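At position 4 of the sequence shown (counting the first as 1) the number is 9 in the numbering used here, and the numbers step up by one without a gap.
Cβ coordinates follow ideal geometry from the N, Cα and C atoms, glycine included.
These numbers come from a predicted model, not from an experiment.
Report on the structure given below.
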Amino acid sequence: MFMRWHRIGICAAALAGLVLAGALSAGNPARVAQDKDPKKGNTIGLHLLEKNAGAHFGDWAIWRYDEGGKSLFLINQKTRYAIYLPWTSNGWVNYRSNSGEWYVLFSKGEAKPQNRDDLKIAPFLDKKPAQAIEHGTYKFVEKSNVNGKDVTILWTVKVTPDLIDFHCDGYDDRMTIRRASGQVIHNGRTFGAK
């Protein structure tokens, strides 16, 4: 009788090990559990945000915005600066000053005013997401047309405890926001308010 229970125990332990190994390779739930902040509620992966859903990252609210294509609004809740980043972008971003004026910032050069009345950001400005963004690395792939050519755009987004780094892989453009800062770094240029 003892041998039978002993074998069942060994089989159960082996099965639990296989399940855990499969789960870890399929998304590392151990890391996910570690990243939860009990003071701020649950976390959610950036790739899991549904249309008009959001997550917070320090002073920032990150909202999925799909009008005109899959994209994000990144809104600094203290300064009210905002960024519009469509996944079809080859590195350019639109940003909104705290006074409500929109600008376009390309890979190089100075920001230029741009009318973006088409971006319906108002409903997101004062909303506060209940979930925190989950730490990890995310990849977003979209088709786009650049200079008359159909191309595939790949963005790699790395969320750490201190910053979020957005990297457009094919064009080597980079944008970084920090948890407790209203400033944004885009290809070495800084904009936004502290």
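Enumerate in chain order the residues of its own chain whose CB-to-CB distance from residue i is below 6 Å, with the five nearest sequence positions on each side excluded.
i	result
LEU124	TYR89
ASN81	ASP64, TRP65 and GLY187
VAL189	ILE182, PHE196 and GLY197
TYR143	LEU51, HIS52 and VAL162
ALA38	Unreliable placement is indicated for ALA38, whose pLDDT of 33 sits below 50; the coordinate value is still reported in the next sentence. Nothing meets the Cβ criterion.
ALA116	TYR108 and LEU110
ALA18	Confidence at ALA18 is low in this model, with a pLDDT of 42, below 50, so the placement of that residue is unreliable and no value is reported for it.
ASN47	GLN136
LEU54	ARG69
ASP42	Summary for ASP42: the model assigns pLDDT 45, below 50, so the residue's position carries little reliability; its value from the coordinates is reported in the next sentence. Only ALA137 meet the Cβ criterion.
Do residue j and residue i count as a contact pair if the criterion is CB distance below 9 Å?
i	j	result
SER112	TYR176	yes
ASP164	PHE145	Before going on, a small fix: residue 164 reads as Val here, not Asp. Result no, Cβ atoms of VAL164 and PHE145 do not sit closer than 9 Å.
GLN136	HIS61	yes
VAL109	HIS191	no
TRP59	TRP68	The amino acid occupying residue 59 in the given sequence is Gly; Trp does not appear at that position. A contact, by the Cβ cut-off of 9 Å.
ARG194	LEU168	no
Keeping to the same chain, check which residues put their C-beta closer than 7 Å to that of residue i; ignore five residues upstream and five downstream.
i	result
SER76	TYR70, TYR89, LEU90, PRO91 and TRP92
TYR86	TYR100, ARG101, SER102, ASN103, GLY187, GLY197 and ALA198
LYS83	ASP64 and GLY187
GLU72	LYS125
GLU106	PRO118
Based on DSSP bridge pairs, tell me the residues matched to residue i.
i	result
ARG183	LEU168
LEU49	According to the sequence displayed, residue 49 carries Ile and not Leu. Bridge partners of ILE49: ILE138.
TYR100	ILE88 and TYR108
PRO118	TYR108
TYR176	DSSP lists no partner for TYR176.
ASN81	TRP65
PHE196	VAL189
Let me check understanding here. Comparing Cα to Cα, which of the options lies closest to residue i?
i	options	result
ARG121	SER102, ASP170 and MET180	SER102
PRO166	PHE129, ILE126, ASN57 and ILE138	ILE138
LEU79	ASP178, ASP131, ASN152 and THR48	ASP131
ASP170	GLY141, LYS133 and PHE129	GLY141
ASN57	ALA127, GLY114 and ASN152	ALA127
ILE49	PRO134, ASN152 and GLY153	PRO134
Cutting at 8 Å between CB atoms, please list the residues of its own chain near residue i, excluding the five before and the five after it.
i	result
VAL156	ASN95, LYS148, SER149, ASN150 and GLY175
CYS173	SER94, ASN95, GLY96, ILE158, LEU159, TRP160 and ARG179
GLY27	For GLY27, the pLDDT reaches just 38, beneath the cut-off of 50, and the residue's location in the model is therefore unreliable, although a value from the coordinates is still provided. Once the five neighbours on either side are set aside, GLY27 has no close Cβ partner at all.
Run the proximity test for residue i: is its beta-carbon closer than 8 Å to any non-hydrogen atom belonging to the ligand GTP?
i	result
PRO128	As far as ligands go, the structure on display features none, and thus does not contain the ligand GTP.
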